[in-house]
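A short worksheet on the structure shown next.
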Amino acid sequence: MKQIIIAVVLLFTVSMGAQTKSDLLTHYKAFYKQMKSQGDTQGIINAITHLNVLEPSEARKDTLAFLYVNSNQNMQALRVIGVDTKDSDSNLAVQVRALALKALGDVKRAIAQFEILNKRTPNTFLAYELADLKIQTGDKAGALVNIEYGLANAKDDMKYAFYERQQPYEVPIKAAFLHLKALIEYNNDQSKPDVALALINEALTIAPNFNLASLSKQAIEARKADVEAPKK
């Protein structure tokens, strides 16, 4: 009789636990839907975190990491998906890892992640990210490969955003590639600034609002003037 009572109690406990988990899943799915309708990013993050604890899912984990990186919470994003890449990682997971590492200034590891993405699905925007990051590490030859790919595949409607001013702005990505190529040309041979200036002028013809290119042009012209100025 005692064994029967224990068995009934255990069965009841398991049943209650399953019911509680089911209720919690229903609650947090409804909570997620409500937060999404309100555009409450932190609420969405909280909802997905609870759902992933109750019902773990790689897709849900990748979404959570994306929300973190999109909210500039880059360390949190990396803690969700980890720093090391697995072959089974989704493109979203690799993208999130690349963006988070870039934002944290870990340029070399960010390049590795962007390279993985570029091998899976090459595109012009990835080429720009790689070229920009490779210039920062001094890999000018590698950057030029990505730049030439970008120039060959850039379409007129492709835009790239810049944030060095208080008000962000966009330029055609072809102009952005021309600017990067100009920087490489100038750094390769500063005795021939006109080569770089010609590329920057081409970029500014495409995008007159390209502030970063204008700043580069001013800096190169100023150095050119100093070199050409007669010595007293």
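Position 116 (the sequence shown) corresponds to 110 in the working numbering; numbering is contiguous.
The beta carbon of each residue, even a glycine, is placed where N, CA and C say it ideally should be.
In this structure, does DSSP put residue i in helix, strand or coil?
{"i": "Tyr62", "result": "helix"}
{"i": "Phe204", "result": "coil"}
{"i": "Gly155", "result": "The residue asked about is misnamed: residue 155 is Ala in this sequence, not Gly. DSSP places Ala155 in strand when its eight states are reduced to three."}
{"i": "Glu109", "result": "helix"}
{"i": "Leu98", "result": "coil"}
{"i": "Thr57", "result": "helix"}
{"i": "Gln130", "result": "helix"}
{"i": "Asp78", "result": "coil"}
{"i": "Asn195", "result": "helix"}
{"i": "Thr43", "result": "helix"}
Specify, as a first and last residue, the run of the beta strand (DSSP E) that residue i falls within.
{"i": "Val165", "result": "163 to 166"}
Among the candidates the options, whose CA atom is the shortest distance from the CA of residue i?
{"i": "Leu72", "options": "Asn64, Thr57, Ala169, Val90", "result": "Val90"}
{"i": "Phe227", "options": "Leu209, Gln184, Glu123, Ala135", "result": "Since the displayed the chain opens at -5 and closes at 226, residue 227 lies outside it and no answer follows."}
{"i": "Asp81", "options": "Ser65, Pro50, Lys113, Asn64", "result": "Lys113"}
{"i": "Ile38", "options": "Glu49, Leu45, Tyr26", "result": "Tyr26"}
State the Cα-Cα distance for the pair residue i and residue j, rounded to the nearest angstrom.
{"i": "Pro166", "j": "Ile194", "result": "13 Å"}
{"i": "Leu98", "j": "Asp56", "result": "19 Å"}
{"i": "Asn248", "j": "Leu191", "result": "Nothing about residue 248 can be reported from this structure: the residues present for the chain run from -5 to 226 only."}
{"i": "Lys153", "j": "Arg103", "result": "25 Å"}
{"i": "Val88", "j": "Ile42", "result": "19 Å"}
For the alpha helix (DSSP H) holding residue i, just list the boundary residues, first then last.
{"i": "Gly33", "result": "Premise fails: Gly33 is in no alpha helix (DSSP H) and is neither H nor E."}
{"i": "Gly144", "result": "134 to 147"}
{"i": "Gln67", "result": "Careful: Gln67 lies outside any alpha helix (DSSP H) and carries neither H nor E."}
Should residue i be listed as close to the ligand ZN, given that the test is whether its C-beta is under 7 Å from any heavy atom?
{"i": "Ala146", "result": "Within the structure as shown, the ligand ZN is missing, as the structure has no ligands at all."}
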